[in-house]
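Shown next, in structure tokens, is the structure this report addresses.
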Amino acid sequence: MNPSLGFSLIVLGGFMQGTYFLGLKWTAPWKWENIWFVYAVFALILMPISLAAATVPHIGRALSQAPGHDLEMVFLYGAGWGVGSVLSGLGVDRMGLAMGVAVLIGITAALGALIPLIVSTPELVFQPKGLTVIASVITLLAGVTLVGVAGKKRDQSKAAQNEAGQKGSFVAGLLICIFSGIFSCMLNLAFSFSGPIRTAAMASGANVNGAQNFVWMVALGAGFIANLLYTLYLLTRNRTWGHFTYPKSGRTLALGIAMAFLWYFGVVFYGRGAGLMGDIGTVVGWPIFMATMIIFSGVWGFVTGEWKGASSRAKWYMLAGIVVLIIASGISGAANRMG
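One rule links them: number in my numbering = place in the sequence shown (from 1) + 1258.
Written out as structure tokens, the structure is:
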């Protein structure tokens, strides 16, 4: 157990995941479904299988020895997260990087932290440690609310200047992000409740890190199903298969692979960090991970011009939201150090 190193790894993972959305800003000459297809194949299939194969000596044995019910639950949680993953790309595309990520991750953070706390360690809920975790989640949601208000005011000021704040209806984008947040929390549930699966991997010769890679392979492989089906549907409906062969597609292909690398290894670093933070690492680490993602996606929103033309009030709300999210991360870190 090394809480300081665990905290640092989780922040690094959050930075990587808060950055990967940037790829959606430069998809030309492809459409959304083209780059999302490449991202999904690499992030959810090729990279997880490759890392698991390199760190779990006998994957087949681990799969056969893992308790069937637990394996099914990890798979189902992963499949549910896959639905949220598809919705996240659509929601962020409509609402903008800063606000879309903030809304969906706020919901994901709250559910992803509180469900494992209540299910796995109900005795802690009303003790100082559990109450501190709950306080960190409430603080995080306050920060998310401020960021959401900032994004709405940004779009209002842009609309007054006849600029597009987001693609499509704000309400539709908001609803997509809300449902994305509900489903997306299942990724942490898959990891939090994967103890027997990790035990099976370690019995097959893997170390602790390899066992985590094994869990991610199962969960993300299940999540690939929804991503594959939806992108295949869009590629066929929109007749965009040919976009893969457009001039300068090599650059966009590389961008999609970079998105996959940032996203997948962001998850890996989160898993490593949560493991180093102790028995409730997924409870205290998840809000830190989510808050860090929001902070960096917000920063990138400023850097890439999402806030150009926004009112001063909108920018101050955004800054206040980021400060509150940093405080939420600190509270969550403090909870982990409590006896």
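C-beta atoms are modelled at their ideal positions from N, C-alpha and C, and glycine is treated no differently.
Environment of residue i [buried if 16+ CB atoms lie within 10 Å]
i: residue 1487; result: exposed
i: residue 1470; result: buried
i: residue 1537; result: exposed
i: residue 1495; result: exposed
i: residue 1503; result: exposed
i: residue 1652; result: In this structure the chain extends from 1259 to 1597, so residue 1652 is not present and cannot be described.
i: residue 1306; result: buried
i: residue 1434; result: buried
i: residue 1501; result: buried
i: residue 1451; result: buried
i: residue 1411; result: buried
i: residue 1484; result: buried
i: residue 1318; result: exposed
i: residue 1339; result: buried
i: residue 1446; result: buried
i: residue 1402; result: buried
i: residue 1294; result: buried
i: residue 1385; result: exposed
i: residue 1561; result: exposed
i: residue 1497; result: exposed
Residue i (DSSP reduced to helix, strand or coil)
i: residue 1596; result: coil
i: residue 1323; result: helix
i: residue 1435; result: helix
i: residue 1565; result: coil
i: residue 1444; result: helix
i: residue 1465; result: coil
i: residue 1501; result: helix
i: residue 1259; result: coil
i: residue 1451; result: coil
i: residue 1301; result: helix
i: residue 1471; result: helix
i: residue 1609; result: This structure gives no information on residue 1609, because the portion of the chain shown stretches from 1259 to 1597.
i: residue 1285; result: coil
i: residue 1306; result: helix
i: residue 1314; result: coil
i: residue 1421; result: Legend: pLDDT at residue 1421 = 49, less than 50; position of this residue unreliable, no value from coordinates given.
Sub-7 Å separation of residue i and residue j beta-carbons
i: residue 1349; j: residue 1442; result: no
i: residue 1553; j: residue 1580; result: yes
i: residue 1476; j: residue 1377; result: no
i: residue 1482; j: residue 1303; result: yes
i: residue 1586; j: residue 1397; result: yes
i: residue 1387; j: residue 1518; result: no
i: residue 1375; j: residue 1391; result: yes
i: residue 1558; j: residue 1282; result: no
i: residue 1270; j: residue 1527; result: yes
i: residue 1267; j: residue 1531; result: yes
i: residue 1568; j: residue 1337; result: no
i: residue 1520; j: residue 1277; result: yes
Own chain residues within Cβ distance below 8 Å of residue i, not counting five before or after
i: residue 1591; result: 1261, 1265, 1542 and 1546
i: residue 1272; result: 1524, 1528, 1546, 1547, 1548, 1549, 1550, 1551, 1553 and 1554
i: residue 1287; result: 1501, 1504, 1505, 1506, 1507 and 1510
i: residue 1379; result: 1388, 1537, 1538 and 1541
Within-7 Å CB hit, residue i to chain D
i: residue 1507; result: Absent from the structure is chain D; it holds one protein chain and no more.
Same chain only: Cβ atoms within 6 Å of residue i, ignoring 5 sequence neighbours per side
i: residue 1492; result: 1291
i: residue 1400; result: 1582
i: residue 1309; result: 1471
7 Å Cβ shell around residue i - same chain, five flanking residues per side excluded
i: residue 1393; result: 1589
i: residue 1454; result: 1324, 1325 and 1328
i: residue 1516; result: 1281
i: residue 1298; result: 1482, 1485, 1486 and 1489
Taking the runs of the alpha helix (DSSP H) that are 4 residues or longer, which of them lie wholly in the stretch 1348 to 1403? 1355 to 1378
Output the residue ranges of the alpha helix (DSSP H) runs that lie fully inside the stretch 1506 to 1582 and measure 4 residues or longer, sorted by chain position. 1507 to 1534 and 1539 to 1561
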